[in-house]
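**Student:** Residue 208 in the numbering used here sits at position 220 of the sequence shown, with consecutive numbering throughout.
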Amino acid sequence: MTVAVYLPLLLGLPLALAAPWIAARGAPGPAAWALSLASAIAAACSTWSLALLALTMLDDVPPLAALDNHPALELPEPVPGPVAFMAALVLIGGAARLGIDAHRRVTTHRRLRAIGDARQQAEAGMVVADWETPMAVAIPGTARRRGHLLVTTGILRLLDAGERRVVLAHEHAHLVHRHHRLTATAAAAAALNPLLIPVRDAVAYLVERWADEDAAAEVGDRGVAARAVARAALAASGSPASAALGIDGGVVVRRVQALTQPAPTPHCRRLAIPVLLSVILLGVAAATTEAFVHLAQAWL
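1) For Val212 versus Glu120, is the C-beta spacing smaller than 8 Å?
2) Buried or exposed: Leu265, going by 16 or more other Cβ atoms within 10 Å of its Cβ?
3) Could you name the residues of the same chain whose beta carbon sits closer than 7 Å to that of Ala60, not counting the 5 residues immediately before and after it, in chain order?
4) Mapping DSSP to helix, strand and coil, what is Ile268?
5) Have a look at Ala274 and Thr35 and give me their C-alpha separation to the nearest angstrom.
6) In the DSSP output, which residue or residues are listed as bridge partners for His136?
7) If distances are taken between C-alpha atoms only, which option among Leu(-2), Leu1, Gly17 comes closest to Leu259?
8) As an exercise, report each continuous alpha helix (DSSP H) stretch of at least 4 residues that is fully enclosed by the region 147 to 176, in chain order.
9) Could you round the C-beta distance between Asp89 and Ala4 to whole angstroms and report it? I think they count as a contact, below 8 Å.
10) Flag this pair as yes or no: are the beta carbons of Thr95 and Val116 separated by less than 8 Å?
11) Who pairs with Met114 in a beta bridge, going by DSSP?
12) Where does the unbroken alpha helix (DSSP H) through Trp9 begin, and where does it stop?
13) With a cut-off of 8 Å, do at least 3 Cβ pairs link the region 26 to 33 to the region 195 to 204?
14) Between the alpha carbons of Leu137 and Leu86, how many angstroms are there, rounded?
15) Between which two residues does the alpha helix (DSSP H) harbouring Ile29 extend?
16) In the structure shown, what three-state DSSP assignment does Thr96 receive?
17) Can you tell me the Cα-Cα spacing of Leu144 and Arg98, whole angstroms?
18) For the candidate residues Gln249, Thr248, Ala221, whose alpha-carbon lies nearest to that of Val239?
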């Protein structure tokens, strides 16, 4: 087994180290996309490598053992049994974490969609729940239903007219840009490869910043936007819809500080790190693919 098969397991680390730096600079939209896609590639490549390592446990099965004397086939050399066993355990653990995260998201969204009737959701694009709990979230759509906003009377009473516009524009931005897909992708990647947890957190922060910037542009006053984010987030913190995209998401202090500064401009050079790491990961994964093919041919 060549050392290349181990590289994807470690190359997620530089991406994780760079993610907070990338998230703190430049326009949040391109950074969110770049980090989300890079995390998906990193997780896929590391899972690919773990599967190859785990498959070497089949080395002693007769169809594979019979090929040990045929070097022309270039079958991967066996790795130590404990390494293959640990790779299998990590794969199982990642699959379990992925299933738990997906179940939590699906359950939360299903529960939130059940609030209000479908006609109200379709016609108004928003459901106002008569709850004291301050909450404002964007609920993604399904094949049969369009996405809509869910806000409570509790949060509406806390805000003035301008601040309410900010909150609604913020949640609407989540729907328009389909931010739930970016956060779900990064969360799935972190479930499969825990080294990518900082990337997941950076993407969650960036989509909130993205929505903040859209809301500030909508109302035309960054000061009002900053005040609305601070008040709404403080009031809504600890709301039960933790898997949904809400105004209280991300690191609120950093978001408010960013809104007190001029609107950010895109800096494509800062995205070179995730792009470069993605290319390297794909190259390494391609280099190890041949070993998978040989294993499959031998097994079949």
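Quick reminder that beta carbons are idealized off the backbone N, C-alpha and C, glycines included.
**Tutor:** On the basis of the data shown:
1) Counting from one through the sequence shown, the residue named residue 212 turns up at place 224. Counting from one through the sequence shown, the residue named residue 120 turns up at place 132. Cβ atoms of Val212 and Glu120: not closer than 8 Å.
2) Residue 265 sits at position 277 when you count from the first residue of the sequence shown. With 16 or more Cβ atoms within 10 Å of its Cβ, Leu265 is classed as buried.
3) On the sequence shown, residue 60 is found 72 positions in, with the first residue counted as 1. Below a pLDDT of 50, predicted positions are generally treated as unreliable, and Ala60, at 48, falls in that range; no measurement from the model is reported.
4) Reading the sequence shown from its first residue, position 280 is the one you call residue 268. Helix at Ile268.
5) By one-based count along the sequence shown, residue 274 stands at place 286. By one-based count along the sequence shown, residue 35 stands at place 47. Spanning the two alpha carbons is a distance of roughly 13 Å.
6) Sequence index remark: in the sequence shown, residue 136 carries index 148 (1-based). DSSP output for His136 lists Ile127 as bridge partner(s).
7) Counting from 1 along the sequence shown, the entry for residue 259 is found at position 271. For the residues Leu(-2), Leu1, Gly17, the minimum Cα distance to Leu259 belongs to Gly17.
8) 149 to 164
9) Here residue 89 refers to the residue found at position 101 of the sequence shown. Here residue 4 refers to the residue found at position 16 of the sequence shown. At roughly 18 Å, the Cβ-Cβ gap does not stay under 8 Å, so Asp89 and Ala4 are not in contact.
10) As a position in the sequence shown, residue 95 is number 107, starting the count at 1. As a position in the sequence shown, residue 116 is number 128, starting the count at 1. It is not a contact, given that the beta carbons lie outside the stated cut-off.
11) Position 126 of the sequence shown, counted from the first residue, corresponds to residue 114. Beta-bridge pairing links Met114 to Leu137.
12) For this step, residue 9 is matched to residue 21 along the sequence shown. Per DSSP, Trp9 belongs to the alpha helix (DSSP H) from 0 to 11.
13) no
14) Start at 1 with the first residue of the sequence shown, and residue 137 comes out as number 149. Start at 1 with the first residue of the sequence shown, and residue 86 comes out as number 98. Rounded to the nearest angstrom, the two C-alpha atoms are 26 Å apart.
15) If you number the sequence shown from 1, residue 29 lands on position 41. Per DSSP, Ile29 belongs to the alpha helix (DSSP H) from 16 to 43.
16) Stepping through the sequence shown from its first residue, residue 96 is reached at position 108. Three-state DSSP puts Thr96 in a helix.
17) On the sequence shown, position 156 is the one that residue 144 refers to. On the sequence shown, position 110 is the one that residue 98 refers to. So the two alpha carbons sit approximately 23 Å from each other.
18) Your numbering for residue 239 matches position 251 in the sequence shown. The shortest C-alpha separation from Val239 is found at Ala221.
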